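Here's the structure, in structure tokens; my notes come after.
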Amino acid sequence: MKRFVLVPIAACAALLACAPVSPERKMEASARMEMGITYMEQRNLPSAMRELTKASELDPGNPEVDVALGLAYQTRGDLEKAGKYFREAIGKKSDYAEAHNNLGIVLSRQGKGEEAIREFQAAASNVLYPTPEWAYYNMGEEYRRRRDREKAEAMYRRAIGMNDRYVNAYLRLAMLQADRGRTEDAVRTLEVCVALSPDAVPAWMDLGKLFLSFGRRQDAENAFRNVLANSSDPVLRKQVSDFLNAAGKENR
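Structural data, given as structure tokens:
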């Protein structure tokens, strides 16, 4: 008896999943998704999950809702569920670059590097993806973790080529160059970064430290003063003040 009861229930579920969604439901789902994203930005994950789950129920065919749910689970540290939702989004929209990029991040954190790179490549190769630099940067991160520094450097450069104000890519490229003993190259990389993005506090900070390592104290002081001019972080400001005080004492 149970076997015959289950068949129509499953059939009904399939029909419901395939049923067209009314414009009103789509509108409500979109509003709930936006609210869920806002809650995520506020680090209010329970409320975010509530809104996003409801959005998924209202519009189950919407891959954007799947990506938002994936990001929520990723924020919670549940990589399995995050990956599940990113895959569902890709299943509904195979060229969804953002879903490929986020799935790549999950796979990379799970130690599945080859799969991660394939997802990043899928994202980066999509000419409609508005931020391909993110995918190239993430490929650089994966290659860096593997200690394949040549490929990592190439990917960071590709990221910068796509967006010459992408500060994180400059920071990673400079770090890689410094680690390989190419400190002058690292300085030039950071100088380009701050020339294009003069409020890039981490770049000024790293530049100041590199200048100190060369004994270029005036340049270091200038870099650190730019940190103070652009940052209100008390911990960072204290660290910079200590650097400046130490440099001042040595110059006396």
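Residue numbers -6 to 245, in the working numbering, belong to the letters of the sequence shown in order. A virtual CB, placed ideally from N, CA and C, is assigned to each residue, including glycine. The structure presented is a predicted model; accordingly, all values stated were derived computationally and were not measured.
Once DSSP output is grouped into helix, strand and coil, what is the label at residue i?
i: Arg158; result: coil
i: Leu38; result: helix
i: Gln170; result: helix
i: Arg209; result: coil
i: Ala239; result: helix
i: Ser234; result: helix
i: Ser49; result: helix
i: Gly291; result: No statement about residue 291 is possible, as the shown extent of the chain runs from -6 to 245 and does not include it.
i: Asp178; result: helix
i: Asn223; result: helix
i: Lys86; result: coil
i: Tyr78; result: helix
i: Asn55; result: coil
i: Tyr149; result: helix
i: Asp141; result: coil
i: Leu200; result: helix
i: Ala6; result: Its pLDDT being 42, under 50, Ala6 is placed unreliably in this model, and the coordinates cannot settle the point.
i: Val228; result: helix
i: Val60; result: helix
i: Leu121; result: coil
Residue range of the alpha helix (DSSP H) that residue i falls in?
i: Leu96; result: 90 to 102
i: Arg137; result: 125 to 138
i: Pro191; result: It is not in any alpha helix (DSSP H) - Pro191 carries neither H nor E in the DSSP assignment.
i: Gly106; result: 106 to 117
Compare the Cα-Cα distances from residue i to each of the options and report the closest residue.
i: Gln103; options: Gln67, Gln114, Val120; result: Gln67
i: Lys47; options: Arg36, Arg25, Arg209; result: Arg25
i: Pro195; options: Ser40, Ser224, Pro16; result: Ser224
i: Ile30; options: Pro16, Leu45, Ala171; result: Leu45
i: Arg139; options: Arg151, Leu169, Pro125; result: Leu169
i: Ala82; options: Ser49, Gly106, Leu237; result: Ser49
i: Gly70; options: Thr176, Ile98, Tyr89, Ala92; result: Ile98
i: Glu17; options: Lys144, Leu51, Glu108, Ala239; result: Leu51
i: Tyr136; options: Glu108, Gly54, Pro39; result: Glu108
i: Leu100; options: Ser15, Ser87, Glu134; result: Glu134
i: Thr124; options: Lys74, Lys144, Ala162, Leu205; result: Ala162
i: Trp251; options: Glu91, Val187, Glu146, Gly106; result: Outside the modelled stretch of the chain, which goes from -6 to 245, sits residue 251, for which no answer is possible.
i: Asp235; options: Asp226, Phe217, Ala145; result: Phe217
i: Asp88; options: Pro13, Ser15, Phe113; result: Phe113
i: Leu205; options: Ser15, Val14, Glu177; result: Glu177
i: Ser15; options: Pro53, Lys105, Glu34; result: Pro53
i: Pro191; options: Gly208, Val220, Val180; result: Val220
Since residue i and residue j should fall inside the 8 Å C-beta cutoff, what is the C-beta to C-beta distance between them, to a whole number of angstroms?
i: Lys19; j: Pro56; result: At roughly 13 Å, the Cβ-Cβ gap does not stay under 8 Å, so Lys19 and Pro56 are not in contact.
i: Gly63; j: Asn95; result: 6 Å
i: Ala193; j: Val233; result: Not really, about 15 Å apart at Cβ, beyond 8 Å.
i: Val60; j: Phe79; result: 7 Å
i: Arg142; j: Arg173; result: 6 Å
i: Arg111; j: Tyr129; result: Between Tyr129 and Arg111 the Cβ distance is about 14 Å, and since that is not below 8 Å, they are no contact.
i: Tyr32; j: Ala22; result: In fact, because the Cβ distance is near 15 Å, the residues do not count as touching under 8 Å.
i: Leu183; j: Ala167; result: 5 Å
i: Val185; j: Trp197; result: Contact flag wrong, Cβ pair sits at about 13 Å.
With a threshold of 7 Å (Cβ to nearest heavy atom), would residue i be considered close to the ligand PLP?
i: Ala147; result: This structure simply doesn't include the ligand PLP, nor any ligand for that matter.
Is it a yes or a no for the region 194 to 201 touching the region 212 to 222, going by three-plus beta-carbon pairs under 8 Å? yes
Does the region 105 to 120 touch the region 156 to 172, meaning 3 or more C-beta pairs lie closer than 8 Å? no
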